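Heads up: the structure comes next, in structure tokens.
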Amino acid sequence: MSRRHAAVKKVIKPDTKYNSVLLSRFINNVMKDGKKSLAEKIVYGALNRVEKKHNADAFKTFTDGINNVKPFVEVTSVRVGGANYQVPSSVDERRGYALATRWLINAALKRSGLSMVEKLAEELFDAANNRGVAIKKKEDTHKMAESNKAFAHFAQRTS
Numbered sequence: 005m006s007r008r009h010a011a012v013k014k015v016i017k018p019d020t021k022y023n024s025v026l027l028s029r030f031i032n033n034v035m036k037d038g039k040k041s042l043a044e045k046i047v048y049g050a051l052n053r054v055e056k057k058h059n060a061d062a063f064k065t066f067t068d069g070i071n072n073v074k075p076f077v078e079v080t081s082v083r084v085g086g087a088n089y090q091v092p093s094s095v096d097e098r099r100g101y102a103l104a105t106r107w108l109i110n111a112a113l114k115r116s117g118l119s120m121v122e123k124l125a126e127e128l129f130d131a132a133n134n135r136g137v138a139i140k141k142k143e144d145t146h147k148m149a150e151s152n153k154a155f156a157h158f159a160q161r162t163s
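To convert, take the position in the sequence shown, counting from 1, and add 4; that gives the working numbering.
Structure follows, in structure tokens:
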């Protein structure tokens with residue numbers, strides 16, 4: 005790891021339809037093998053499907069889903085005296101959004117259904133309503149941090 009310069013954070017342009025950087029990041033995470041137009045079709049198709057099937061505002065459903073899945077605490081492994089401890093620590097906002105998008109996409113991929121558009125639409129709608137696999141993942145992460153609260157005093161060793 006170089007100590008000369010801090011890493012330059014890439015500036016991501018907002019998406020064309022909703023003018024949202026968060027949605028643009030989500031599209032970039034859905035994208036595989038550089039096929040951005042396909043990823044856009046999948047995400048926008050999922051948002052249209054949420055709007056038509058559930059009569060809900062698609063972008064509000066998306067933002068609510070991301071915010072509901074975003075974790076506040078996680079555990080990090082710290083080695084102290086030959087033993088590894090799972091130490092709870094708070095999650096930065098950027099990392100929280102990254103984890104939320106990853107969990108939503110993976111949960112949609114694991115769903116059984118016809119197309120990725122349908123699976124992603126249902127997972128987003130479930131996340132907006134505090135249901136689904138991605139919400140379970142967040143709750144499991146929070147439970148793990150809660151159960152390892154006794155090791156929180158080791159958090160000062162991580163820096």
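Ideal placement from N, C-alpha and C gives every residue a C-beta, glycine not left out.
Source: prediction; values computed, not measured.
Pairwise C-alpha distance: residue j and residue i
i: residue 14; j: residue 25; result: 12 Å
i: residue 90; j: residue 12; result: 30 Å
i: residue 107; j: residue 101; result: 10 Å
i: residue 18; j: residue 54; result: 21 Å
i: residue 34; j: residue 76; result: 23 Å
Cut-off 7 Å between Cβ atoms - residues of its own chain near residue i, not counting five sequence neighbours on either side
i: residue 64; result: none
i: residue 114; result: 137
i: residue 134; result: 72
i: residue 66; result: 27, 51, 128
Extent of the continuous alpha helix (DSSP H) to which residue i belongs
i: residue 91; result: Unbroken run through residue 91 is the beta strand (DSSP E), 87-94; no alpha helix (DSSP H).
i: residue 23; result: Run containing residue 23: none; DSSP gives neither H nor E here.
Chain-order list of residues whose beta-carbon lies under 6 Å from that of residue i (same chain, five-residue window excluded)
i: residue 22; result: 63
Range of the contiguous beta strand (DSSP E) that encloses residue i
i: residue 80; result: 77-84
CB of residue i within 8 Å of CB of residue j, strictly
i: residue 128; j: residue 69; result: yes
i: residue 29; j: residue 105; result: yes
i: residue 120; j: residue 31; result: no
i: residue 124; j: residue 50; result: yes
Exercise. Would you call the segment 71-89 and the segment 154-161 in contact, with 3 or more CB pairs under 8 Å?
Worked result: yes
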